[in-house]
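Number of protein chains: 2
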Amino acid sequence: MLKIYHVPRTRSVRVIWLCEELGIPYEVESISFDPEFRASPEWRKMNPVGKVPVLTDGDLTMFESGAMVQYILDRYGNGKLQPAIGTPEHALYLQWSWFAEATFARPLGEIVSHGRAFAKTGVIPEVVAELQDRSHLCLQAIDQAVQNKDFLLGEFSAADIMMGYTVMLTEMLAPSDNCPNASAYWARLQERQACQKAIGYGLK
Amino acid sequence: MLKIYHVPRTRSVRVIWLCEELGIPYEVESISFDPEFRASPEWRKMNPVGKVPVLTDGDLTMFESGAMVQYILDRYGNGKLQPAIGTPEHALYLQWSWFAEATFARPLGEIVSHGRAFAKTGVIPEVVAELQDRSHLCLQAIDQAVQNKDFLLGEFSAADIMMGYTVMLTEMLAPSDNCPNASAYWARLQERQACQKAIGYGLK
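Chains as they are written, first to last, in the numbering used here: chain A, 4 to 207; chain B, 4 to 207.
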């Protein structure tokens with residue numbers, strides 16, 4: 004069975020959300036997000052750079068939430084939540100999935116990384132402001148992309164799971180009220196039970 | 004036909020490299036990397052946040068190099084350079100492809116972004132050092148991953164194209180001579196004609 008090593012508010016939210024949307028069985032192991040645990044030899048065997056999440060499936064152990072989402076869809080999804088592979092529609096599904104993490108989540112993740120690295124000496128406001136500016140540019144792109152549709156591809160797909168988590172990070176790290184379409188999109192996503200369950204999983 | 008909007012040393016290198024490995028036809032349009040061009044309404048229509056590269060294929064216009072690589076493989080690759088979709092081997096192919104960009108290229112890209120944003124006021128050495136440290140941790144993960152094999156999955160795959168570009172960035176932005184397996188891996192990749200052609204494309 005799929006086993007998701009989970010910490011609330013991290014990228015494991017995407018994996019739980021996907022399993023819930025697909026209605027496939029999975030188990031969750033809640034782990035510590037302490038830097039000491041993530042730097043431990045035990046966890047570095049699961050993820051060589053100490054990040055979260057990790058997924059196991061029988062003998063398979065893997066990291067990178069974007070890769071997990073694609074693997075689960077391809078292996079257990081029966082064609083759901085992604086367009087047919089090799090089509091232009093699938094190209095756009097891939098584009099938004101990658102954009103969500105590689106471009107949009109990058110400055111957001113850096114706000115967290117910078118805060119952690121400079122916790123003792125103090126964060127540098129100019130650095131954080133520049134990262135927030137780049138996050139806003141990405142949010143504007145999403146605002147434009149969902150201007151006339153409910154979800155990125157029209158119908159709901161796993162690209163919205165990838166992006167939904169990133170938009171949630173924006174709310175936490177670089178909030179903006181200048182993107183009404185993106186806000187409405189995020190509100191639509193939060194109406195989904197699978198999204199609610201994933202975000203709430205393990206939260207006290 | 005595939006058309007790749009290209010700037011030397013950027014992520015379009017991956018797309019040219021892939022097309023060369025597959026032996027499929029493509030054309031290249033060399034574009035400007037000037038911030039003014041990338042912020043122009045003309046280019047923002049191609050990429051809403053002004054990044055490079057962009058790929059077109061008939062009516063399709065897309066961004067994100069990781070998405071392009073997967074689309075080209077799925078549509079034109081005839082099963083080459085990736086394990087069978089939905090298998091645990093494919094999961095690891097996806098893992099390394101995503102790791103290459105979402106985790107490893109992130110601090111490297113941030114060194115560039117920080118340098119650009121703070122060009123006038125001066126880069127902050129502590130910020131750059133922290134980004135280099137994180138890059139090195141990722142390089143060490145690759146050093147370990149290719150300890151006993153030629154390529155990430157044993158045989159050469161498109162994950163090595165994704166990763167090869169990132170390792171090239173490391174050489175430029177956060178060089179390290181403490182990862183001999185990773186250095187040997189990068190040397191093996193550079194022996195490939197497709198890699199040489201892609202890296203050299205458009206360089207004066």
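We put the beta carbon where it would ideally sit given N, CA and C, even for glycine.
>> Under DSSP, the beta strand (DSSP E) around E194 of chain A begins and ends at which residues?
In response: Position 191 of the first sequence, counted from the first residue, corresponds to residue 194 of chain A. E194 of chain A -> no beta strand (DSSP E), and no H or E assigned at all.
>> According to DSSP, is D163 of chain A part of a helix, a strand, or is it coil?
In response: Within the first sequence, the letter at position 160 stands for residue 163 of chain A. It is helical.
> Taking only beta-carbon atoms, is M65 of chain A less than 8 angstroms away from chain B?
Replying inline: As a working note, residue 65 of chain A is residue 62 in the first sequence. So, interface residue.
> Quick one: what's got a C-beta closer than 8 angstroms to H117 of chain A's C-beta in the same chain, skipping five residues either side?
Replying inline: Position 114 of the first sequence, counted from the start, is the residue given in the question as residue 117 of chain A. Once the five neighbours on either side are set aside, the close Cβ partners of H117 of chain A are V126, I127, V130, V131 and L134.
>> Cβ closer than 8 angstroms: which chain A residues qualify as neighbours of L176 of chain B?
In response: Counted from its first residue, the second sequence places residue 176 of chain B at position 173. Per Cβ cutoff of 8 angstroms: no residues; L176 of chain B is ~15 angstroms from chain A at best.
> For A94 of chain A, which residues in chain B fall below 7 angstroms Cβ to Cβ?
Replying inline: One-based indexing of the first sequence puts residue 94 of chain A at position 91. Residues of chain B passing the Cβ test: L63, M65, A70 and Y74.
>> Taking only three categories from DSSP, how would you classify F107 of chain B?
In response: Here residue 107 of chain B corresponds to residue number 104 of the second sequence, with the count starting at 1. In the structure shown, F107 of chain B sits in a helix (DSSP, three-state: H, G or I).
> Comparing the C-beta of L97 of chain B with each C-beta of chain A, is any distance below 8 angstroms?
Replying inline: Translated into the one-based positions of the second sequence, residue 97 of chain B becomes position 94. Taking 8 angstroms as the CB threshold, L97 of chain B lines the interface with chain A.
> What are the start and end residues of each continuous alpha helix (DSSP H) run of 4 or more residues lying completely inside the region 99–149 of chain B, in chain order?
Replying inline: 108–120 and 128–148
> By how many angstroms is the C-alpha of S15 of chain B removed from the C-alpha of S68 of chain B?
Replying inline: Within the second sequence, residue 68 of chain B is the residue found at index 65, counting from 1. Within the second sequence, residue 15 of chain B is the residue found at index 12, counting from 1. Their backbone Cα atoms lie some 7 angstroms apart in a straight line.
> By Cβ distance, which residues of its chain are closer than 7 angstroms to C141 of chain B, with the 5 residues on each side in sequence left out?
Replying inline: For this step, residue 141 of chain B is matched to residue 138 along the second sequence. Answer for C141 of chain B: T106 and F107, listed in chain order.
>> Taking beta-carbon pairs under 7 angstroms, can you tell me which members of the region 136–163 of chain A lie near chain B?
In response: Going along the region 136–163 of chain A in chain order, one finds L140, C141, A144 and Q147 with a Cβ nearer than 7 angstroms to chain B.
> Hey, E251 of chain B and A197 of chain B are a contact pair by Cβ (cut 8 angstroms); roughly how many whole angstroms apart?
Replying inline: The structure shown does not extend to residue 251 of chain B, since chain B is modelled only from 4 through 207, so no value can be given for it.
>> Is there a Cβ of chain B sitting closer than 8 angstroms to that of A105 of chain A, yes or no?
In response: For the purposes of this step, residue 105 of chain A is taken as residue 102 along the first sequence, with counting starting at 1. So yes, A105 of chain A belongs to the interface.
>> Measuring only the C-alpha atoms, how far is K123 of chain B from R41 of chain B?
In response: Residue mapping note: residue 123 of chain B aligns to position 120 of the second sequence, counting from 1. Residue mapping note: residue 41 of chain B aligns to position 38 of the second sequence, counting from 1. If I take the Cα positions, the gap works out to 19 angstroms.
> Closest by CA to E39 of chain B, which one among B:S33, B:G53, B:M49 and B:E32?
Replying inline: In the second sequence, residue 39 of chain B corresponds to position 36, counting from 1. Ranking B:S33, B:G53, B:M49 and B:E32 by Cα distance to E39 of chain B puts B:G53 first.
>> Assuming F40 of chain B is part of the alpha helix (DSSP H), what are its boundary residues?
In response: In the second sequence, counting from the first residue as 1, residue 40 of chain B sits at position 37. Run containing F40 of chain B: P38 to R41, per the alpha helix (DSSP H) assignment.
>> Given this structure, state the Cα-to-Cα distance separating V115 of chain B from T173 of chain B, to the nearest angstrom.
In response: For the purposes of this step, residue 115 of chain B is identified with residue 112 of the second sequence, where counting begins at 1. For the purposes of this step, residue 173 of chain B is identified with residue 170 of the second sequence, where counting begins at 1. Using only the alpha carbons, I get a separation of about 11 angstroms.
> Got a sec: is the Cβ-Cβ distance from E194 of chain B to anything in chain A below 8 angstroms?
Replying inline: To locate residue 194 of chain B, count along the second sequence from 1; it is residue 191. Closer than 8 angstroms: no.
>> Any beta carbon from chain B within less than 8 angstroms of D77 of chain A's own beta carbon?
In response: Reading the first sequence from its first residue, position 74 is the one you call residue 77 of chain A. Chain B contact via Cβ: present.
> What's the gap between the Cα of P2 of chain A and the Cα of R191 of chain A?
Replying inline: Any question about residue 2 of chain A goes unanswered here, given that chain A covers just 4 to 207.
> For K200 of chain A, which of A:V31, A:P44 and A:L5 has the nearest alpha-carbon?
Replying inline: In the first sequence, counting from the first residue as 1, residue 200 of chain A sits at position 197. The residue with the shortest Cα to Cα distance from K200 of chain A is A:V31.
> Looking only at C-alpha atoms, which of B:L76, B:E104 and B:P91 sits nearest to P91 of chain A?
Replying inline: For the purposes of this step, residue 91 of chain A is identified with residue 88 of the first sequence, where counting begins at 1. Here the closest residue by C-alpha is B:L76.
> Nearest CA to the CA of P178 of chain A: which residue from A:Q143, A:D163, A:E194 and A:N151?
Replying inline: The residue you call residue 178 of chain A lines up with position 175 of the first sequence. When each option's Cα is compared against that of P178 of chain A, the closest is A:Q143.
> For K83 of chain B, which three-state DSSP category applies?
Replying inline: Position 80 of the second sequence, counted from the start, is the residue given in the question as residue 83 of chain B. Of the three classes helix, strand and coil, the one that applies to K83 of chain B here is coil, per DSSP.
> Which residues of chain B have a Cβ atom closer than 8 angstroms to the Cβ of G112 of chain A, listed in chain order?
Replying inline: Position 109 of the first sequence holds residue 112 of chain A. The contacting residues are R109.
>> Suppose you measure from the CA of I7 of chain B to the CA of Y168 of chain B; what does that come to, to the nearest Å?
In response: Here residue 7 of chain B refers to the residue found at position 4 when the second sequence is read from its first residue. Here residue 168 of chain B refers to the residue found at position 165 when the second sequence is read from its first residue. Going from the Cα of I7 of chain B to the Cα of Y168 of chain B covers about 16 angstroms.
>> Need the endpoints of the beta strand (DSSP E) that V31 of chain A sits in, please.
In response: Here residue 31 of chain A refers to the residue found at position 28 when the first sequence is read from its first residue. Unbroken beta strand (DSSP E) run through V31 of chain A: Y29 to S33.
>> Distance check for D163 of chain A and L155 of chain A, CA to CA, integer angstroms please.
In response: In the first sequence, the residue the question calls residue 155 of chain A occupies position 152. In the first sequence, the residue the question calls residue 163 of chain A occupies position 160. Straight-line spacing of the CA atoms in L155 of chain A and D163 of chain A works out to 7 angstroms.
>> I need the straight-line Cα distance from I202 of chain A to L21 of chain A, nearest angstrom please.
In response: In the first sequence, the residue the question calls residue 202 of chain A occupies position 199. In the first sequence, the residue the question calls residue 21 of chain A occupies position 18. Each residue's Cα considered, the two are about 12 angstroms apart.
> Which chain B residues are close to G89 of chain A, counting only those with a beta carbon under 7 angstroms from its beta carbon?
Replying inline: In the first sequence, the residue the question calls residue 89 of chain A occupies position 86. The contacting residues are D77 and R78.
> Do you know whose CA, among A:D180, A:F159, A:N181 and A:H9, lies nearest Q85 of chain A's CA?
Replying inline: Against the first sequence, residue 85 of chain A aligns to sequence position 82. That would be A:F159, whose Cα lies nearest to the Cα of Q85 of chain A.
> Just curious, the alpha helix (DSSP H) that M49 of chain B is in, first and last residue?
Replying inline: Indexing the second sequence from 1 puts residue 49 of chain B at position 46. Taken as a continuous stretch (DSSP letters only), the alpha helix (DSSP H) holding M49 of chain B covers P44 to M49.
> Looking at the C-beta of K1 of chain A, does it have a partner C-beta in chain B at a distance below 8 angstroms?
Replying inline: Because chain A here runs from 4 to 207, residue 1 of chain A falls outside it and cannot be looked at.
>> Residues of chain A with CB closer than 8 angstroms to the CB of I216 of chain B, please, in chain order.
In response: Residue 216 of chain B lies beyond the range of chain B shown here (4 to 207); nothing can be said about it.
>> Can you pull the chain A neighbours of A120 of chain B, defined as C-beta to C-beta under 7 angstroms?
In response: Counting from one through the second sequence, the residue named residue 120 of chain B turns up at place 117. Per Cβ cutoff of 7 angstroms: E133.
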